[in-house]
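Asker: Dropping the structure in here first, questions after.
There are 2 protein chains.
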Amino acid sequence: MSDIVYDIPEVHETSSRHTLAVVVDNEFGVLARVIGLFSGRGYNIESLTVAEVEHDKKLSRITIVTSGSEMVIEQIKRLLERMVPVYKVNDLTVEGAHVELELALVKIKGAGDKMKEILRIAEVFRARSVDASQDHFIFEVTGTSEQINTFISLMSPLGLTEMARSGVVAISKGKKK
Amino acid sequence: MSDIVYDIPEVHETSSRHTLAVVVDNEFGVLARVIGLFSGRGYNIESLTVAEVEHDKKLSRITIVTSGSEMVIEQIKRLLERMVPVYKVNDLTVEGAHVELELALVKIKGAGDKMKEILRIAEVFRARSVDASQDHFIFEVTGTSEQINTFISLMSPLGLTEMARSGVVAISKGKKK
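Chains as they are written, first to last, in our numbering: chain A, -7 to 169; chain B, -7 to 169.
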């Protein structure tokens, strides 16, 4: 469109972490396409959760935590918005205050003398025992990803043998958009 | 192999719900492939959660709730086990006792006279208020999918405006396999 050659300075953009709430048609090919959009372009997905939307079983809500430069994040949002089965993309990180939590189930082989320490840490993190036998506990714990990471690193030397995490679930503090 | 023609009776197999724990390489193309395996064949995914495995950031654990006839479930497991980046497939439903929980964040517009009822239901379900303003609450609630469904249906007429669910997180009660 123009002969002017811009001398574009090299930009070392910092990568930032964004939490996107994406409302889509509740069909499973859709999830495959949304994930394909990321993996095909080498975009990072740190966490992904998906479930039906309240009141409307025909829609699903996918919460995706991704990271990249502002340019990459904008590109991801544009591509998502252009996909036919996508109804709405909200960037919770940009839109302001929101709550982000994760659920983990953590199995710990409860050895005798470590028991007291295990129960003390569980109390601090408001972890609830959902199963206990002679040789193990299963704790349910919720918190930010950082809190879950800390809980795991404290429990690891005390006999953590297995765990399952949900990934990040997020909701804005403001009015529904 | 044989000339005998078996008179196979028509089987109306009932569909059952299975929770699979699938350990895979922690690369995002892998999630796309696992989901593609389901969507490409029209297999149902009721819920999917994914997160890194403890101690080993190179592995991810995907919890998938699917339903189908026993034949379909066996086929799904075989196909998953054959995928190169899949390390392990555990069918928690077949292997015995396990814990299945889900996390939901639920936003409720707290109108004056409904407040008491909202707080009473929250207490029954051990829901914890993680944000409260003049016009809304955000509750964190964990439970089985059925419990979460009940919580939502009770809160819906009281001003539920938005929610995000994690999908099912599951762990076996037995020793790690």
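No residue lacks a Cβ here, since even glycine has one placed at the ideal position from N, Cα and C.
Give the list of continuous beta strand (DSSP E) stretches no shorter than 3 residues that lie fully inside the segment 104 to 138 of chain A.
Answerer: Entirely contained in the segment 104 to 138 of chain A, the beta strand (DSSP E) runs reaching 3 residues are, in chain order, 120 to 124, 128 to 135.
Asker: Using a Cβ-Cβ distance under 8 angstroms, would threonine 6(A) count as near chain B?
Answerer: Not one chain B Cβ lies under 8 angstroms of threonine 6(A).
Asker: What do you reckon, are the CB atoms on threonine 58(A) and tyrosine 35(A) nearer than 8 angstroms?
Answerer: The answer is yes: Cβ separation under 8 angstroms.
Asker: Is the Cβ-Cβ distance between alanine 43(B) and arginine 53(B) less than 8 angstroms?
Answerer: Going by C-beta atoms, alanine 43(B) is nearer than 8 angstroms to arginine 53(B).
Asker: Could you check whether the Cβ of aspartate 123(B) sits closer than 8 angstroms to any Cβ belonging to chain A?
Answerer: Closer than 8 angstroms to some Cβ of chain A, the Cβ of aspartate 123(B) qualifies, so yes.
Asker: Does the segment 128 to 136 of chain A come close enough to the segment 90 to 101 of chain A that 3 or more CB-CB pairs lie under 8 angstroms?
Answerer: Yes: the two stretches touch, three or more of their Cβ pairs being nearer than 8 angstroms.
Asker: Please state whether the Cβ-Cβ distance between glycine 60(B) and serine 7(B) is less than 8 angstroms.
Answerer: Cβ atoms of glycine 60(B) and serine 7(B): closer than 8 angstroms.
Asker: According to DSSP, is alanine 24(B) helix, strand or coil?
Answerer: It is helical.
Asker: Using a beta-carbon distance cut-off of less than 7 angstroms, what residues from the segment 98 to 115 of chain B approach chain A?
Answerer: The segment 98 to 115 of chain B vs chain A, Cβ under 7 angstroms: Lys99.
Asker: For valine 15(A), I'd like the list of residues in its chain whose CB is within less than 7 angstroms of its CB, leaving aside the five on either flank, ordered along the chain.
Answerer: These residues qualify, in order along the chain: Val45, Leu51, Arg53, Tyr79, Lys80.
Asker: Determine the DSSP secondary structure at methionine 155(B), reduced to helix, strand or coil.
Answerer: Reduced to three states, the DSSP call for methionine 155(B) is strand.
Asker: Give a yes or no on whether the minimum CB-CB distance between arginine 157(A) and chain B is below 8 angstroms.
Answerer: By this cut-off, arginine 157(A) is an interface position.
Asker: Which runs of the beta strand (DSSP E) spanning at least 3 residues fall entirely within the segment 35 to 73 of chain A, listed in chain order?
Answerer: DSSP runs (the beta strand (DSSP E)) wholly in the segment 35 to 73 of chain A: 39 to 45, 48 to 60.
Asker: Are glycine 159(B) and alanine 24(A) touching if we call contact CB-CB under 8 angstroms?
Answerer: In this structure, alanine 24(A) does not lie closer than 8 angstroms to glycine 159(B) by Cβ.
Asker: State the Cα-Cα distance for the pair methionine 147(B) and aspartate 105(A), rounded to the nearest angstrom.
Answerer: C-alpha separation (whole angstroms): 44 angstroms.
Asker: Between the Cα of isoleucine 100(B) and those of Leu84(B), Arg120(B), Gly21(B), Val86(B), spot the shortest distance and give me the residue it belongs to.
Answerer: When each option's Cα is compared against that of isoleucine 100(B), the closest is Arg120(B).
Asker: Can you find a C-beta in chain A that's less than 8 angstroms from the C-beta of leucine 150(B)?
Answerer: No, leucine 150(B) lies away from the interface with chain A (no Cβ there is under 8 angstroms from its Cβ).
Asker: Does the beta-carbon distance from leucine 84(A) to alanine 162(A) come in below 8 angstroms?
Answerer: Closer than 8 angstroms, so yes.
Asker: For valine 78(A), decide whether its Cβ has a neighbour in chain B, counting only Cβ atoms nearer than 8 angstroms.
Answerer: For valine 78(A), the answer is no, since every Cβ of chain B falls outside 8 angstroms of its Cβ.
Asker: Just tell me which of Val91(A), Gln126(A), Gln139(A), Ser125(A) has its CA closest to the CA of isoleucine 113(A).
Answerer: Checked all of Val91(A), Gln126(A), Gln139(A), Ser125(A); the closest Cα to isoleucine 113(A) is Gln139(A).
Asker: Should methionine 155(B) be labelled buried (16 or more other beta-carbon atoms within 10 Å of its own) or exposed?
Answerer: It counts as buried.
Asker: Beta-carbon separation of aspartate 123(A) and valine 116(B) under 8 angstroms?
Answerer: Going by C-beta atoms, aspartate 123(A) is not nearer than 8 angstroms to valine 116(B).
Asker: Would you check if the distance between the CB atom of isoleucine 110(A) and the CB atom of lysine 165(B) is smaller than 8 angstroms?
Answerer: No. Outside cutoff.
Asker: So valine 160(B) is in the beta strand (DSSP E); what residue range does that whole segment cover?
Answerer: No beta strand (DSSP E) contains valine 160(B), which DSSP labels as neither H nor E.
Asker: Can you pull the chain B neighbours of arginine 53(A), defined as C-beta to C-beta under 7 angstroms?
Answerer: Residues of chain B passing the Cβ test: Ala156.
Asker: Against leucine 23(A), what residues of chain B qualify as contacts under a CB-to-CB distance less than 7 angstroms, listed in chain order?
Answerer: Neighbours of leucine 23(A) on chain B, chain order: Ile27.
Asker: Quick check: what's the CA-CA separation for methionine -7(B) versus methionine 63(B)?
Answerer: Legend: pLDDT at methionine -7(B) = 45, less than 50; position of this residue unreliable, value from coordinates given subsequently. Between methionine -7(B) and methionine 63(B), the C-alpha separation is close to 22 angstroms.
Asker: Between the beta-carbon of serine 31(A) and the beta-carbon of glycine 151(B), is there less than 8 angstroms?
Answerer: Not closer than 8 angstroms, so no.
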